[in-house]
Amino acid sequence: MKNPQVIVAGAGPVGTVAAYRLASMGIDVLLVEAGNDCAIDLRASTFHPPTLEMLDELGMADTLIEKGLKAPEYHYRERESGEVVSFDLSELADETRFPFRLQCEQYVLASMVAKKLENHPRAEVRFSHRVVHFTQDDEGVEVALEGPFSIEKVRAKYLVAADGGNSIIRKWLNVDFEGFTYPERFLTLSTKVELKDYIPNLAYVNYVSDPREWLVLLRVPSAWRILVPAKEDQPDEWLVSEEKKNEVFRNLIGREDVETGHRTIYRVHQRVASKFDHGRVGLVGDACHLNNPLGGFGMNSGIHDAWSLCSKIKENLDNGHDDSRFAAYDAERRPVTHRFIQAQTMQNKKLLEHSPEENHALRLQEMKDIQKDPVRRREFLRRQAMFVSLEEAQAAN
1 MKNPQVIVAG
11 AGPVGTVAAY
21 RLASMGIDVL
31 LVEAGNDCAI
41 DLRASTFHPP
51 TLEMLDELGM
61 ADTLIEKGLK
71 APEYHYRERE
81 SGEVVSFDLS
91 ELADETRFPF
101 RLQCEQYVLA
111 SMVAKKLENH
121 PRAEVRFSHR
131 VVHFTQDDEG
141 VEVALEGPFS
151 IEKVRAKYLV
161 AADGGNSIIR
171 KWLNVDFEGF
181 TYPERFLTLS
191 TKVELKDYIP
201 NLAYVNYVSD
211 PREWLVLLRV
221 PSAWRILVPA
231 KEDQPDEWLV
241 SEEKKNEVFR
251 NLIGREDVET
261 GHRTIYRVHQ
271 RVASKFDHGR
281 VGLVGDACHL
291 NNPLGGFGMN
301 SGIHDAWSLC
311 SKIKENLDNG
321 HDDSRFAAYD
331 AERRPVTHRF
341 IQAQTMQNKK
351 LLEHSPEENH
361 ALRLQEMKDI
371 QKDPVRRREF
381 LRRQAMFVSL
391 EEAQAAN
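Number 344 in the UniProt record's numbering belongs to position 344 of the sequence shown; there are no gaps in the numbering.
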């Protein structure tokens, strides 16, 4: 594609959805990805109802649902006492066609959308291509793309940065990435052992509180995923060792002879870019915000970013460029990222921790009180399902 109207950098779930929405709007789009395919890793695995509604508009929700697991119910569990506080998204069936979380690895969506883009008349996908430089002026952006054999300059009207937490585009724009990095890391393990055989009444999504070691248990089609915190003084070699694996499963199900498919360590951040728009460049997803994974908000909010930004790009292409439309994108998405995504994920983490103990008891009682009150429970469900954050973002304009 010689003259795309928009270049999207990054073929994760956010970048691929952004590119497909633009193409579906009749906009010529070039999607570039530094890797030789969509990355396969143990990242996000939860799709919330509003995100499924967006994918449904693109004709993709039903196909993705066939590849995942419906999880209407999710649990907050006390490991020591065995207490379970349960919430059921089926209560929201009167306002959404998708009253459940969908448990499905993010790379399934990214790969599915990338394949659709390869056959779309308005789109081109280039793997093994990365943005190495760009400039912008009053008419558009000129992007230097490095491929396997050469560097090519491509001109477009807009550039969408969906190039992840280490976004080179954000860094070139000198946009601050404000926030902090947790001292502890997170360890994710996956296993095909059926945890329901050992833990009664287990949901597909479980947040487990424990003073010794909190954890998250998530079911995806291929396996159970177990997420535990890793102290900063614990070496990587030990965290991925058989000894650590045995300790996790001994504490969890009382046995050690468990085979794992993945053992992955990663650092966790709470950061938000100081600006989501910069001239004709828009930042989306991890390129403009990072948060801990408790609640499943990161990828979903990134797709919500892309949805909003694509609308602004369409308006500009149809009516002439106006900086105020990109400023409106920033006004929609950045405040709600601070107010909801960041605040809620940090609150979710505190709920699982027992520090200090007296505050944990109060937080647990608050969850029980919410569960018993129909009005508060519905509001909680809507907030955790991200309906409220979308409504607040849309109300910003």
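In this text, a Cβ means the ideal position worked out from N, Cα and C, and glycines have one as well.
Listed in chain order, the non-local C-beta contacts of Glu184 below 7 Å within the same chain comprise Pro229, Ala230, Lys231 and Glu232, local neighbours out to five positions each way being set aside.
In the assembly as shown, Gly147 is an exposed residue. Its beta-carbon has fewer than 16 other beta-carbons within 10 Å. DSSP, reduced to helix, strand and coil, places Ser311 within a helical segment of the structure shown. Burial check for Arg97: the Cβ neighbour count within 10 Å stays below 16, so the residue is exposed. Within the same chain, Cβ atoms closer than 8 Å to the Cβ of Pro4 are found at Asp28, Val29, Leu30, Glu124, Val154 and Ala156, the five residues on either side in sequence being excluded.
The way I'd put it, the segment 203 to 218 does touch the segment 69 to 77; three or more beta-carbon pairs between them come closer than 8 Å. The C-alpha of Pro200 is placed about 23 Å away from the C-alpha of Glu91. Under a 10 Å Cβ-count criterion, Ile40 is classified as exposed, with fewer than 16 other Cβ atoms of the shown protein chains found around its own Cβ.
Ala287 has its alpha-carbon roughly 17 Å from the corresponding atom of Cys38. Ranked by Cα distance from Glu83, the options Gln384, Arg378, Leu364 and Ala396 are led by Leu364. Annotated three-state conformation of Trp172 is helix, per DSSP. Beta bridge pairing from DSSP links Gly179 with Arg271.
With respect to the 8 Å criterion, Val6 and Tyr158 are classified as neighbours on the basis of their beta carbons. Rounded to the nearest angstrom, the gap between the Cα atoms of His289 and Lys275 is 10 Å. Judged by DSSP secondary structure, Gly15 falls within the alpha helix (DSSP H) whose first and last residues are Pro13 to Ser24.
With contacts defined by Cβ atoms closer than 8 Å, Val32 and Leu173 do not form a contacting pair.
Using a Cβ-Cβ distance cut-off of 8 Å, the segment 278 to 287 and the segment 159 to 168 are in contact, since at least three pairs of beta carbons, one from each stretch, lie closer than that value. Taking the Cβ atoms as the reference, Ala306 lies roughly 19 Å from Arg126, outside the contact range of under 8 Å. Nearest Cα to Arg271 within the set Asn291, Arg376 and Arg334: Asn291. For the 8 Å CB-CB criterion, Leu55 and Ala61 form a contact.
Ranking Lys2, Tyr329, Gly12 and Pro335 by CA distance to the CA of Ala162 puts Gly12 first. Between Pro99 and Pro50, the C-beta spacing is not below 8 Å. In this structure, Ala23 places its C-beta atom within 8 Å of the C-beta atom of Arg122. Within its own chain, the residues whose Cβ lies closer than 7 Å to the Cβ of Arg325, once the five positions on either side in sequence are excluded, are Lys312, Glu315 and Asn316, listed in chain order. Ala18 has its alpha-carbon roughly 35 Å from the corresponding atom of Val240.
The DSSP assignment places no complete beta strand (DSSP E) segment of no fewer than 3 residues inside the segment 311 to 351.
The three-state reading of DSSP puts Phe87 in strand, counting E and B together.
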